[in-house]
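Have a look at the structure below before the remarks.
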Amino acid sequence: MKFKAQAKQNQLLERISTQHLVVGIDIAQQSHVARAVNFRGILLGTPLHFSNDDAGFSLLLQWMKNLQETH
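First residue of the sequence shown: 501, per my numbering; consecutive thereafter.
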């Protein structure tokens, strides 16, 4: 069963192309931290610390758009 899950994960990873921005978010109750990598796993930009509210998520969206434009 573990092999099937690993094969599925590998298939998903193979679909990531140069057009993708991969964002990981460490979530918490009041604030979150986001990091972005390119299709090769190379870190892009600096970590974003943002609040768990509408303003924070708007900041996250703008941060991602800026990274897409510059990388």
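From the three backbone atoms N, C-alpha and C, an ideal C-beta is built for every residue, glycine too. Please read these numbers as outputs of a predicted model, since none were measured by experiment.
According to the DSSP secondary-structure assignment, Arg540 is paired through a beta bridge with no residue. In the three-state DSSP reduction, Leu548 falls in the strand class (E or B). One Cα belongs to Phe539, the other to Leu512, and the distance between them is close to 12 Å. The beta carbons of Gln530 and Asn552 sit about 6 Å from each other, so the pair counts as a contact at 8 Å. Contact between Leu548 and Val537 is absent: CB atoms are separated by about 13 Å, not below the 8 Å threshold.
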